[in-house]
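One structure is given here, and the rest of the page talks about it.
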Amino acid sequence: MQPSKDWIKDLVIYQIYPRSFCDSNGDGIGDLPGILSKLDHLSDLGVNALWLSPVYRSPNDDNGYDISGYQEIMEEFGTMEDWDRLRNACRERGIKIIMDMVVNHSSDEHPWFIESRSSRDNPKSEYYIWRDPVDGHEPNNWASCFGGSAWEFVPERGQYYFHYFSKKQPDLNWACPELREEIFSMMDWWVQKGVEGFRVDAISYLDKPQDFPDSKLPPRPDGYSFPDYLSGRPGTHAYIREMNRRVYAPGNVMTVGEVSAPTVEELGNYVRTEREEFDMAIPFVPPIDEINSWSPEKLRNDAWESYILMPKDGWWARFLSNHDKPRQVSLYGDDGEYWEASAKLLAMFIHTLPGTPFIYQGEEIGMTNVSFPSIEDYDDLSTRDNYNQYILSGMDPRRALSLVRLESRDNARTPMQWDSSENAGFTAGRPWLKVNPNYTKINVEAQKQDPRSVYSCYKKLITMRGKSAALSRGDLRFLDAGCPELIGLARSFEGEGLLVFLNFSKESHTIPAGLLESAGDVLMSSYDREDGYRGPELRPYEAVIFKIKA
Ligand code: GLC
Ligand code: CA
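Numbering (my numbering), first residue to last: 461 to 1010.
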């Protein structure tokens, strides 16, 4: 870690998905003035950085991840003056702004694309990836992430353009030096405006194999195959390093790359200090894969592998939630009987690992997945594609719906639950996506007053981290607690230490006596609603943090 970047170890980052956070003018869509009106919430929670999901001009095919104006604000969200006000208000509160930057692709409504598609010889012709038809068809068999072919035909050019995401998200051509120049100067413009960090979207796909070979993977139900080799090509790493040299390093900004990395070594290639790429990485795993493969043991092993990969020369983003994942308490915890204890346990896990904790809006009150009655209630284009693929494969519609309910990104995108008034206090109008009906029970107002709420647990953890070098800088050891569902870990730094035990199950598990020899005072318990920690036999989803005896 470069010494100048030591400050990233003290960050606690809160992610806002603006569309769903707070609507100030009753049109049912969250906006910048809405965020501004809720900054006290962030200060009260104690976070010191805000990751803003995209707020740029966008036709919203993928809710802002399709940008049609990088130096403009989406009309529905407000104006650049609103953004300036937000930046100033954040500054006053010591909250750094981290912008979500989407530069793997733009919107097809971006002026660059409109020009690029107009002819083969216009000045922006090379800004996107164009290929001639092969035998009157798409250049290869690749699938787009959001369904159908990754190629779209444009009659004006008699060519196809490549889009790894939706056809309204054409991939930018990073091989074109003028394009790279435009991107770097645009990012630098944001740095000059006071941005202190970037979360860089879908960044592992920048470099494409110029010959676009057919994929050998089995086709999806719609007949197209995901590319077998697209992420992490050496050319992509070279572009990222160029971005670092041109924008990140001179601006001294914090960066977190969203990457698709099949192995932990590959993940390290984006973040080990000597690589000069990103400070941290957010690995992307498709929700259905995560749902099918996760286990407490896997969470522990992944945390350990990434830790030993770079204990001295890199840094970790720690998160269980974001706008692309199901709600963490529904996925890794229990959103029924043990909702509160398990929501606290997950918080205690993330906030006691080495790395920078990320909190996704609503996580701090234990918001859960939603179960909409019909596929029509879902808005997300990826959810709709998954549903279509299930139907195409012959699946019963009811089963398809039950699967997308589990995996849908809309689980994370239902409006923020502020209070128990109509529409959860999110809007005075009709929300763009239905509110989760459990808002009458789960909301900020109710939890703020309650010293034993999930919200209060997050506040305590953030305060504790601010005071504990063992948490922000200490080393990590996992302890063998004799059963895969019981995770034990120790953190220590210059004589200060903490012991953490987390029972990730609905059964009781006992902490082996030998592991408790150094346990001193209990600092926190996920059972504070009841009687707190009462002995080594941990109840379902009980988690406890001890001080290590001096
Ligand atoms: C990233 C974003 C996701 C978006 C995709 C395409 O994975 O997090 O929301 O759909 O990139 O931009
Ligand atoms: Ca609004």
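Idealized CB from N, CA, C, for every residue including glycine. Note that the structure is predicted; figures quoted are calculated from it, not measured.
Item: If residue 555 and residue 507 are in contact, beta carbons under 8 Å, what's the gap, nearest whole angstrom?; Value: 7 Å
Item: In whole angstroms, what is the alpha-carbon distance linking residue 634 and residue 747?; Value: 28 Å
Item: Check whether the Cβ atoms of residue 778 and residue 815 sit closer than 8 Å, and answer yes or no.; Value: yes
Item: Is residue 783 near ligand 4 - that is, is its Cβ less than 7 Å away from at least one heavy atom of it?; Value: Annotation note on ligand 4: not contained in the displayed structure, which lists ligand 1 and ligand 2 as its ligands.
Item: Within a Cβ cutoff of 6 Å, which residues of the same chain sit near residue 892, ignoring the five residues on either side of it in sequence?; Value: 488, 489
Item: Do residue 789 and residue 728 have their C-beta atoms closer together than 8 Å?; Value: no
Item: Would the region 715-726 count as touching the region 655-671 if we require 3 or more Cβ pairs under 8 Å?; Value: yes
Item: Taking the alpha carbon of residue 1005 as the reference point, which residue from 835, 956, 993 has its own alpha carbon closest?; Value: 993
Item: Going by alpha carbons, who is nearest to residue 1003 out of 1009, 849, 995?; Value: 995
Item: Tell me the start and end of each unbroken beta strand (DSSP E) in the region 588-630 that is at least 3 residues and wholly inside, in chain order.; Value: 611-614, 619-622
Item: Buried or exposed: which applies to residue 973, given that a residue is buried once 16 or more other Cβ atoms fall within 10 Å of its Cβ?; Value: exposed
Item: Could you check what DSSP says for residue 743 in three-state terms: helix, strand or coil?; Value: strand
Item: By how many angstroms is the C-alpha of residue 620 removed from the C-alpha of residue 642?; Value: 23 Å
Item: Please classify residue 768 as buried or exposed, where buried requires at least 16 neighbouring CB atoms within 10 angstroms.; Value: exposed
Item: Would you tell me roughly how many angstroms separate the C-alpha atoms of residue 589 and residue 602, rounded to the nearest one?; Value: 14 Å
Item: My guess is that residue 872 and residue 782 are in contact by the Cβ rule of under 8 Å, so how many angstroms apart are they, rounded?; Value: 7 Å
Item: Compute the distance between the beta-carbons of residue 477 and residue 502, then report whether it is under 8 Å.; Value: no
Item: Looking at residue 608: is its Cβ nearer than 8 Å to the Cβ of residue 682?; Value: yes
Item: If distances are taken between C-alpha atoms only, which option among 955, 925, 958 comes closest to residue 471?; Value: 925
Item: Could you give the DSSP three-state label for residue 790: helix, strand or coil?; Value: helix
Item: Between residue 555 and ligand 2, is there a pair consisting of the residue's CB and a ligand heavy atom that are separated by less than 7 Å?; Value: no
Item: Between residue 931 and residue 951, which are expected to be in contact by the criterion C-beta below 8 Å, what is the C-beta distance as a whole number of angstroms?; Value: 6 Å
Item: Do residue 574 and ligand 2 come close, with the Cβ less than 7 Å from some heavy atom?; Value: no
Item: Rounded to the nearest angstrom, how far is the Cβ of residue 963 from that of residue 987, given a contact under 8 Å?; Value: Their Cβ separation, rounded to whole angstroms, is 10 Å, which puts residue 963 and residue 987 out of contact at 8 Å.
Item: Going along the chain, which residues of its own chain have a beta-carbon closer than 7 Å to the beta-carbon of residue 518, five neighbours each way excluded?; Value: 524, 526, 527, 528, 534, 567
Item: Along the beta strand (DSSP E) that carries residue 817, what are the first and last residues, could you check?; Value: 816-820
Item: What does a CB cutoff of less than 7 Å around residue 598 pick up in its chain, not counting 5 residues either side in sequence?; Value: 609, 611, 620
Item: Quick check on residue 594: buried or exposed, where buried means 16 or more other Cβ atoms within 10 Å of its Cβ?; Value: exposed
Item: Under 7 Å from any heavy atom of ligand 1, does the C-beta of residue 867 make it?; Value: no
Item: Going by beta-carbon coordinates alone, are residue 733 and residue 773 separated by less than 8 Å?; Value: yes
Item: Count the other CB atoms within 10 Å of the CB of residue 743; is the residue buried (16 or more) or exposed (fewer)?; Value: buried
Item: Sorted by chain position, which residues of the same chain lie with C-beta nearer than 6 Å to residue 715's C-beta, five sequence neighbours on each side aside?; Value: 658, 708, 738, 739
Item: What residue from 796, 813, 770, 798 has the CA that sits closest to residue 780's CA?; Value: 813
Item: For residue 467, report the span of its beta strand (DSSP E) as first-last.; Value: Unbroken run through residue 467: none, as it is neither H nor E.
Item: Between which residues of its own chain and residue 1019 is the CB-CB distance below 6 Å, once the five residues before and five after are set aside?; Value: Any question about residue 1019 goes unanswered here, given that the chain covers just 461 to 1010.
Item: Quick check on the contact list: which residues have their beta carbon closer than 5 Å to a heavy atom of ligand 2?; Value: 483, 485, 487, 489, 491
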